[in-house]
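Protein sequences, first through last, are from chains Y and X. Residue numbers for the first sequence follow numbering that gives the first Met the number 0, so the first one is 0 and each next one is one higher. Residue numbers for the second sequence follow numbering that gives the first Met the number 0, so the first one is 0 and each next one is one higher. Note that CB positions come from ideal geometry on N, CA and C, so glycine has one too. Presented below is the structure to which this report refers.
Protein chains: 2
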Amino acid sequence: MTAAPSEPPLPSGPSPRTRRARGAAGARRPVYDASSLLAVAVQEFNARGYDATSMEDLSRAAGITKSSFYHHVSGKEELLRAALSRALDGLFGILEERAAQQGTALERLRHIIFRQVEVLSSELPYVTLLLRVRGNTETERWALARRRAFDASIASLVAEAVADGEVRAGVEPSLAARLLSGTVNSIIEWYRPGRPGSGSLPGEVVRMVSEGIIPPA
Amino acid sequence: MTAAPSEPPLPSGPSPRTRRARGAAGARRPVYDASSLLAVAVQEFNARGYDATSMEDLSRAAGITKSSFYHHVSGKEELLRAALSRALDGLFGILEERAAQQGTALERLRHIIFRQVEVLSSELPYVTLLLRVRGNTETERWALARRRAFDASIASLVAEAVADGEVRAGVEPSLAARLLSGTVNSIIEWYRPGRPGSGSLPGEVVRMVSEGIIPPA
DNA sequence: CCCGGGGAACCGAACGGTCGGTCGACGCGG
DNA sequence: CCGCGTCGACCGACCGTTCGGTTCCCCGGG
């Protein structure tokens, strides 16, 4: 089920305002634009959880008062929506890459996993937030639906690889797909950028899920 | 199981006045004991998230008022503590089993993974709650610390297996341990009891992480 | 047999506090 | 002097928790 992405529910609010610093060159204070405030908010959301993070927490982390914070953003849920949208765009972008659409099912699958790890790393805070959504509001349910669609496209790819006999016999497609996604997504629990990875994380992950840990007999 | 087997959490009936008959044998049994209330609470916590679940949500799910609910439990965080404790006891119990302490490192590792999947399944709601705590309160930080200790013991076992040459060459121990735990823990995201698993889930998981999905060359 | 004390279960109402969000005013650079 | 960014004060709603009081059942004394 590769459902076409629909419009996110936008209850009320103007279009995202791209605020710029005062003068072109002479900005004198840390002026906050929408994206930098979003980055701050997402970091706080991930540290404490969305529901446990108050708007006052966010404004304090940004260095301004709550009222000033509201001058730049339209509301708490809108921040969440923007963050989830960014994560989902990154993930769905993988599926549209050339290498994700040509070659054998196994080749495409390996490429998608490789790229998914890369996106998880580069968009870590946003994807982290996405993977913790519970579905309490309409925005969260929208994100959950999109995320399920992404997982479903991977699952169908796994099923195709199994049908083509490209993977080990006895592998149950839906179980393998779930464990695959779970393994990849679990990276957000411990990966932190800037830490000296011994090698290429995406390559290591692809190899681990492909060959397991047992030495070839 | 300590829950009373006779009575599932009754839905919000219009007349909660149906007082349950005291035990004929004289054993006085309240309508709700602590453990059945805990089960209801944990289910709600998992559905909405701990912070997003109000005490009124819990009491409504239990079929009584908020005040009555407080007659049985001491507070919200105490419910959380009891649930997390149950999950952690289940996990640490695995490490004390005989098969987890004798044999080669790889044998012990495979047994622990097998049993961990079993515990995840049998104590699903409690382990689910455990794997979602963020560390906002002292109780949550205590649970996080205990959970890290469990993961650490698995990581050291993986390192031992690598040092003994029991696993594929080139496997980085700490990365493998993290992916291993991530894969196993991700089961809570989709496993639901009662669904007809085609085979033994623990066995399938052990095989998948051991051999991967690639057919032997 | 009846009666009444005691306690568990339960409830409505309210507490102090925090939440997301709003509003009017002020300082200041253009 | 105009408007943007900032701010303190404030709002209604809801939070977890407490309290006073009522109902129901068991049980011992007459």
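As the crow flies, the alpha-carbon of residue 166 (chain X) is around 39 Å from that of residue 44 (chain Y). Judged by DSSP in its simplified three-state form, residue 37 (chain Y) adopts helix. Looking at the backbone, the Cα of residue 42 (chain Y) and that of residue 100 (chain Y) are separated by about 34 Å. Against chain Y, a Cβ distance below 8 Å from residue 203 (chain X) picks out 171 and 174.
The C-beta of residue 208 (chain Y) comes closer than 8 Å to at least one C-beta of chain X. Just measuring C-alpha positions, the residue of X:112, X:83 and X:85 sitting nearest residue 96 (chain X) is X:112. Identification of chain X residues near residue 189 (chain Y) by a Cβ-Cβ cut-off of 7 Å yields 177, ordered along the chain. When the Cα atoms are used, residue 213 (chain Y) and residue 209 (chain X) turn out to be separated by approximately 5 Å. Contact of residue 163 (chain X) with chain Y is not assigned, every C-beta pair being separated by 8 Å or more. For the stretch 44 to 74 of chain Y, the set of residues with a beta-carbon nearer than 7 Å to any beta-carbon of chain X comprises 47, 48, 50 and 51, in chain order. Cβ atoms of residue 211 (chain Y) and residue 182 (chain X) stay farther apart than 8 Å, at about 11 Å. Of all residues in the stretch 123 to 142 of chain X, the ones placed with a Cβ closer than 8 Å to any Cβ belonging to chain Y are 131, 133 and 135, in chain order. Going by beta carbons, residue 117 (chain X) and residue 86 (chain X) fall outside the 8 Å limit.
In the three-state DSSP reduction, residue 63 (chain X) falls in the coil class, being neither helix nor strand. For residue 182 (chain X), the C-beta contacts it makes with chain Y under 8 Å involve 178, 181, 182 and 185, in order along the chain.
Residue 112 (chain X) is outside the set of residues whose beta carbon lies under 8 Å from a beta carbon in chain Y. The beta carbon of residue 103 (chain Y) sits closer than 8 Å to those of 160, 163 and 165, all from its chain and outside the five residues before and after it, given in chain order.
In this chain, the alpha helix (DSSP H) harbouring residue 141 (chain Y) covers 137 to 162. Membership of residue 130 (chain Y) in any alpha helix (DSSP H) is not indicated, and neither H nor E is assigned to it by DSSP. Per the C-alpha coordinates, the member of X:204, X:151 and X:185 positioned closest to residue 173 (chain X) is X:151.
Here the stretch 191 to 200 of chain X does not lie against the stretch 49 to 57 of chain X, with fewer than 3 beta-carbon pairs under 8 Å apart.
One thing to note: residue 82 (chain X) has its Cβ within 8 Å of the Cβ of residue 128 (chain X). With fewer than 16 other beta carbons inside 10 angstroms of its own, residue 147 (chain Y) counts as exposed. Around residue 212 (chain X), the beta-carbon contacts reaching into chain Y at under 7 Å are 166, 167, 170, 175, 208 and 209.
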